[in-house]
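Following: one structure in structure tokens, then a few remarks.
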Amino acid sequence: MMFLWCLLVLVNLVLVSTSNSAGVEVRLTQKALEYGRQIGITSIQQKLRSMKVPDISGTEKVDPIGKVQYSFTGMQIVNLGLPKSALGLVPDTGVMLSIGQAYINLHGNWRVKYLRIIKDSGSFDLAVGELAISTTIAVMSDDTGRPTVSMTNCAATVGSVNVKFHGGTSWLYNLFSSFINKALRSALQKQICPLVADSIAEMNPHLKTLNVLAKVDQYAEIDYSMVGSPVISNTSVDLGLKGEFYNIGQHKEPPFSPTPFSLPYQDTNMLYIGVSAFSLNSAGFVYHNAGALRLYITDDMIPSGSPIRLNTRTFGAFIPQIAKMYPGLMMKLLVETVKEPIIIFEPNNMTIQASSTVTAYAIQPNSTLSSLFVLNLEGSVSANIYVTELKLAGHLTLNKMFMSLAKSYVGPFQVTSLDNIFSMVLKVAVIPKINARLQEGYPLPAIGKMQLVNSQLQVLKDYLLIGTDVQFTG
Ligand SMILES: *[C@@H]1O[C@H](CO)[C@@H](O)[C@H](O)[C@H]1NC(C)=O
Ligand SMILES: *[C@@H]1O[C@H](CO)[C@@H](O)[C@H](O)[C@H]1NC(C)=O
Ligand SMILES: *[C@@H]1O[C@H](CO)[C@@H](O)[C@H](O)[C@H]1NC(C)=O
1 MMFLWCLLVL VNLVLVSTSN SAGVEVRLTQ KALEYGRQIG ITSIQQKLRS
51 MKVPDISGTE KVDPIGKVQY SFTGMQIVNL GLPKSALGLV PDTGVMLSIG
101 QAYINLHGNW RVKYLRIIKD SGSFDLAVGE LAISTTIAVM SDDTGRPTVS
151 MTNCAATVGS VNVKFHGGTS WLYNLFSSFI NKALRSALQK QICPLVADSI
201 AEMNPHLKTL NVLAKVDQYA EIDYSMVGSP VISNTSVDLG LKGEFYNIGQ
251 HKEPPFSPTP FSLPYQDTNM LYIGVSAFSL NSAGFVYHNA GALRLYITDD
301 MIPSGSPIRL NTRTFGAFIP QIAKMYPGLM MKLLVETVKE PIIIFEPNNM
351 TIQASSTVTA YAIQPNSTLS SLFVLNLEGS VSANIYVTEL KLAGHLTLNK
401 MFMSLAKSYV GPFQVTSLDN IFSMVLKVAV IPKINARLQE GYPLPAIGKM
451 QLVNSQLQVL KDYLLIGTDV QFTG
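Residue numbers for the sequence shown follow the working numbering, so the first one is 1 and each next one is one higher.
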């Protein structure tokens with residue numbers, strides 16, 4: 001029984017680990033952390049400015065006067081600065097934020113009563129200096145596959161407290177100084193870490209906007225959920241995302257899976273996004289299975305200046321039987337993939353190989369289609385891809401094509417005699433249609449109101465690498 005259970009656990013582990021490969025890798029560099037630090041410090045500064053300093057009051061016995069009642073009230077923060085901070089990576093743990101030489105200036109009122117009848121009051125200015133805050137932030141994946149941050153550690157220390165009293169006499173000042181110093185230290189130290197924790201937690205609603213299921217069009221959506229916890233090294237935070245295209249609503253796995261890949265060390269941009277051949281091949285799988293990779297070509301899609309027309313006269317010049325059997329008819333072609341196209345990334349070269357068929361029809365006067373022949377068409381296109389807004393877009397050009405006869409309804413003929421016609425048809429009718437779609441682009445993983453700036457793209461072996469800076473607006 002125990003043995004069986006162990007075996008089950010083992011099988012599960014193996015299954016989990018093989019399905020955990022990422023199709024898209026996202027890397028945040030030190031430069032991203034630096035940008036994050038600036039945003040974080042602004043937020044922490046606002047939070048700390050909202051600190052409420054409680055009134056302090058008490059009674060103290062002072063020789064020879066006796067009991068002195070005192071109170072400090074209405075303390076307001078008039079200035080707060082966090083001039084020095086650093087965000088560093090703690091491998092395998094998270095990021096560490098340290099703030100040093102912070103200062104807070106407060107203004108408040110003091111009041112005393114002693115010898116039953118003597119009352120005095122005034123105001124004071126208080127400078128809290130050499131404030132240091134050190135906190136560790138853990139980065140994890142939540143149950144929806146989005147990143148989430150939390151504070152795991154925090155320490156706040158107040159270095160110096162200097163008070164300047166207005167009004168009153170010097171013996172009172174000496175008395176106050178130590179009370180106010182102690183009370184204030186503990187009041188501030190108690191509040192700082194919870195406020196920093198709030199500030200860190202406030203990042204989560206933004207992280208929750210990661211488009212873990214990015215809608216593409218009527219056929220497809222992309223799963224950008226994280227496949228595991230982030231990997232934190234001494235130079236970067238790496239997130240593995242699924243990066244897989246799915247048929248909308250119906251998530252069927254393709255017969256291939258991602259090959260693990262790791263991004264090269266680069267640090268001039270904030271963010272590096274590696275998109276594997278697997279991701280794009282999963283798109284091919286979805287569109288092919290959805291029947292989206294089929295296109296009817298009619299004569300009106302051929303430029304009017306072209307001497308080649310989609311009619312039995314043009315085709316009859318190469319295959320005389322067509323002109324004889326179907327004189328004076330217009331024609332129609334159906335181009336459709338027979339299996340999912342395959343994308344190949346080689347350094348600086350992205351090609352797509354597609355196996356398709358072309359079926360040629362003559363259009364009868366009563367609109368019925370008469371099949372003429374079916375050709376196998378193997379095409380290789382080069383893709384030029386680029387980043388636009390938050391999308392990956394592309395443009396194809398035909399490299400080469402190879403045709404062979406699959407079936408003829410009009411007797412034997414030389415397929416090569418049609419090479420020029422079909423290469424023209426691909427160039428003027430098929431590829432522009434695909435390019436119009438590719439130009440609209442496919443969404444990249446994004447968070448909130450993120451904008452990409454200084455983006456560039458490199459095609460490397462088996463994946464493409466986007467290097468970019470980001471800006472958050474609003
Ligand atoms: C980061 O870690 C790698 C190996 O884990 C080490 O070779 C390298 O020196 C470290 N870099 C820094 C800046 O600590
Ligand atoms: C890219 O690779 C394909 C297939 O290997 C090849 O046909 C094509 O000429 C290459 N293009 C460039 C620009 O190197
Ligand atoms: C349409 O015309 C063709 C050729 O004249 C004929 O063979 C076919 O039966 C017709 N179909 C219909 C539905 O009328």
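From the three backbone atoms N, C-alpha and C, an ideal C-beta is built for every residue, glycine too.
Asked, Found
"Helix, strand or coil at threonine 473 [DSSP, three-state]", "coil"
"Ordered list of beta strand (DSSP E) runs contained in the region 73-98, each at least 3 residues", "84-90"
"Proximity winner among Leu375, Ala102 and Tyr386, relative to aspartate 419 (alpha-carbon distances)", "Leu375"
"Residue environment, leucine 115, which counts as buried when at least 16 other CB atoms sit within 10 Å", "exposed"
"Chain C contact for tyrosine 386 (CB, 8 Å cutoff)", "The chain labelled as chain C is not found in the depicted structure, where only one protein chain is given."
"Straight-line Cα distance separating glycine 411 from glutamine 456", "53 Å"
"For threonine 148, the residue or residues it bridges with in DSSP", "Met140"
"Distance cut-off 7 Å: glutamine 364 Cβ against heavy atoms of ligand 3", "yes"
"Span of the alpha helix (DSSP H), counted from its first residue to its last, around histidine 206", "204-207"
"Cβ-Cβ distance between serine 355 and valine 335 below 8 Å", "no"
"Inter-residue Cα distance where the pair is methionine 301 and serine 371", "20 Å"
"With 16 other Cβ atoms within 10 Å as the buried cut-off, status of tryptophan 171", "exposed"
"Proximity to leucine 426 [Cα-Cα], best of Arg27, Val381, Tyr70 and Lys449", "Val381"
"Closer than 7 Å: threonine 368 CB and nearest ligand 4 heavy atom", "As presented, the structure is devoid of ligand 4, carrying ligand 1, ligand 2 and ligand 3 as its sole ligands."
"Alpha carbon of serine 57 to alpha carbon of alanine 155, nearest angstrom", "27 Å"
"Contact test: serine 382 Cβ vs ligand 2 heavy atom, cutoff 7 Å", "yes"
"beta-carbon glutamate 346 near ligand 2 non-hydrogen atom, thresh 7 Å", "yes"
"Burial state of threonine 268, where buried means 16 or more other Cβ atoms lie within 10 Å", "exposed"
"Contact between the region 246-264 and the region 273-292 (3+ Cβ pairs under 8 Å)", "yes"
"Helix, strand or coil at methionine 330 according to DSSP, with G and I counted as helix", "strand"
"As assigned by DSSP and simplified to three states, the class of histidine 166", "strand"
"Any non-hydrogen atom of ligand 2 closer than 7 Å to threonine 397 Cβ", "no"
"Where methionine 2 sits in the DSSP three-state scheme", "Note that methionine 2 has pLDDT 49, beneath the 50 cutoff, so the model's placement of it is unreliable and the number below is only indicative. In this structure, methionine 2 counts as helix in the three-state DSSP scheme."
"Segment contact, 8 Å Cβ cut-off, at least three pairs: the region 339-347 with the region 288-302", "yes"
"Nearest-angstrom Cβ-Cβ length linking aspartate 223 and glutamate 253, presumed shorter than 8 Å", "Not quite, the Cβ-Cβ distance comes to about 11 Å (not below 8 Å), so this is no contact."
"Residues that DSSP places opposite serine 160 in a beta bridge", "Gly129"
"Sheet register partners of asparagine 311 (DSSP bridge)", "Met330"
"Distance cut-off 7 Å: threonine 312 Cβ against heavy atoms of ligand 2", "no"
"Nearest candidate by alpha-carbon position, reference tryptophan 110, set Ile104, Ala446, Gln101 and Ser121", "Ser121"
"Stretch pair the region 435-450 + the region 398-415: three plus CB contacts closer than 8 Å", "no"
"Identity of the residue in Pro83, Ser160 and Leu188 nearest serine 177 by Cα", "Ser160"
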